[in-house]
Amino acid sequence: MIGFIRFADNLSAWFGKAFAWLIIMMAVGTGYEVFVRYVLNSPTAWALDVSFIMYGSL
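The structure is reproduced here in structure tokens:
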């Protein structure tokens, strides 16, 4: 029983770290899109789609 609880705890920690990295990548991608769109005046075609896919995976 202790082994199963330890496994579930480790699995939960792993998923938490994975989702945290996804959120960080979403923030960086969105920040990049805002910079490119408003500063360089050249929006990307992929940033919105990637953001939707990452948000959907959460």
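By our numbering, the letter at position 32 of the sequence shown is numbered 22, and the numbering carries on one by one without gaps. Glycine included, C-beta positions come from ideal geometry on N, C-alpha and C.
Quick one: Cα of residue i to Cα of residue j, how far?
i, j, result
"F9", "L48", "7 Å"
"F25", "R(-4)", "43 Å"
"T20", "D39", "11 Å"
"M44", "I14", "10 Å"
"A17", "L30", "19 Å"
"Y22", "K7", "22 Å"
"R27", "D(-1)", "42 Å"
For the alpha helix (DSSP H) containing residue i, name the first residue and the last one.
i, result
"L12", "I(-8) to Y28"
Helix, strand or coil, according to DSSP, for residue i in the structure here?
i, result
"L38", "helix"
"S47", "helix"
Less than 7 Å between C-beta atoms, sequence neighbours within five positions excluded: which residues of the same chain meet that for residue i?
i, result
"S41", "M16, G19 and T20"
Decide if the segment 21 to 37 is in contact with the segment -4 to 13; the criterion is three or more beta carbon pairs, one per stretch, under 8 Å apart. With the cut-off at 8 Å, the segment 21 to 37 and the segment -4 to 13 do not touch.
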